[in-house]
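First the structure, in the form of structure tokens, and then the observations on it.
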DNA sequence: AGTCGATTGTAGCAATTGCTACACTTGTAG
DNA sequence: CTACAAGTGTAGCAATTGCTACAATCGACT
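Chains as they are written, first to last, in the working numbering: chain A, 15 to 193; chain B, 15 to 193.
Next up, the structure:
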């Protein structure tokens, strides 16, 4: 019965786990608090209001995702664009990172609906991925900047098709890409 | 005060309009009913329960989207893949079709979260688009089937980037595509 | 010891949710 | 006309929502 003081930092990890399993856009305070071993009362106390909780969670989850990505991404560049693509798709399908995909589409949907918090989060996540891609394009690529953007677009399209059960289309697209 | 009998068919158009503006995943009966000039009581009566309403709406909206697409898509094939891509992206950005995009990401998010109804809807929408693409690939394309799938993946990636405010990336990807 | 601020529990409120019970009015078939 | 089913309005229920009021406890400091 460790009655340790609950700080926002203590609360975020279990809340993030809950959100990765149950979604974030429609999450409500009481179940979220329960997952963290506290009460809605305390979430409001620590984060001000529900929006504060969501903001903190988005931030924390972005960090988690970035760390997971950093750990999983290989440092050596792939020989060509297609191989780069394939590697990234494999990594994001990893059990460690796959749970973030569900969350990702929630973020996209909220962005499309005009939610600025979610949109900012999505915007910077895309920036993160784009940065990594640009820095890891195949050596001798004729247009690393454009190529990275092309790959990112393909990655996101593939992952969307995955999400709706049309991985077959994404797979065929990968085969047809550059050849 | 035309007290005409309300049938499901009468109710669907105004409800679809409401949903296009306010989203569908989290829509609640009372506002939805109000938009259609009726009551939650009647929605349950006509559609059984909330899920029935959503199902009917998804179906109806899919039809609307298909009709709008059919009307907007040009019948002559584009000279090359890049131009095909550009034309479709232009069309889906049309005021007629743009409102469907917001809805689309809700459908994707729900699919990713495991909702079977939404997933089925998304699945068939992708089938629809793929079918049209395959039938309208540039003449002389070396691999129409694969090319259509590649284009679809790029389209969806582009639209996602649009949704999160990174249309710049999508635009650059389009430039980098095939050259 | 006692004071003071940070932290936490207990209740509760007003609003919204999907849905139901019950009564009423229709329109139509006999 | 009458019976019967389809359709509709009014109320309401139990659950959940974000959030607040109030009071208690805790820890550190004087």
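For every residue, glycine included, the Cβ atom is placed at its ideal position computed from N, Cα and C. Nothing here was measured: the structure is a model prediction, and the numbers come from that model.
Query                                                                                                                     : Result
Collapsed DSSP secondary structure at residue 42 of chain A in the structure displayed                                    : coil
Contact between the region 158-173 of chain A and the region 167-183 of chain B (3+ Cβ pairs under 8 Å)                   : yes
Coil, strand or helix - residue 114 of chain A by DSSP                                                                    : helix
Pairwise C-alpha distance: residue 157 of chain B and residue 185 of chain A                                              : 15 Å
Environment of residue 44 of chain B [buried if 16+ CB atoms lie within 10 Å]                                             : exposed
C-beta neighbour in chain A for residue 180 of chain B, strict 8 Å                                                        : yes
Proximal residues of chain B, C-beta to C-beta of residue 114 of chain A below 7 Å                                        : Within chain B, no residue comes near residue 114 of chain A; the closest Cβ sits about 11 Å away, beyond 7 Å.
Partners in chain B for residue 137 of chain A, counting only beta-carbon separations shorter than 8 Å                    : 178, 179 and 180
Residue-chain proximity (residue 15 of chain B, chain A), Cβ-Cβ < 8 Å                                                     : Below a pLDDT of 50, predicted positions are generally treated as unreliable, and residue 15 of chain B, at 37, falls in that range; the measurement from the model is reported next regardless. Not closer than 8 Å to any Cβ of chain A, the Cβ of residue 15 of chain B fails to qualify, so no.
Proximal residues of chain A, C-beta to C-beta of residue 191 of chain B below 7 Å                                        : 164
Residue 33 of chain B in three-state terms, based on DSSP                                                                 : helix
Close beta carbons around residue 67 of chain B, own chain, < 6 Å, minus the five adjacent residues each side             : 57 and 61
Classification of residue 128 of chain A by the beta-carbon crowding that lies within 10 angstroms, buried from 16 upward : exposed
Burial state of residue 120 of chain A (16 or more Cβ within 10 Å)                                                        : buried
Residue range of the unbroken alpha helix (DSSP H) whose run includes residue 61 of chain B                               : 54-61
Residue span of the alpha helix (DSSP H) that contains residue 80 of chain B, given as start and end                      : 64-86
CB contact check: residue 102 of chain B to chain A, cutoff 8 Å                                                           : no
Check whether residue 111 of chain A and residue 105 of chain A have beta carbons under 8 Å apart                         : yes
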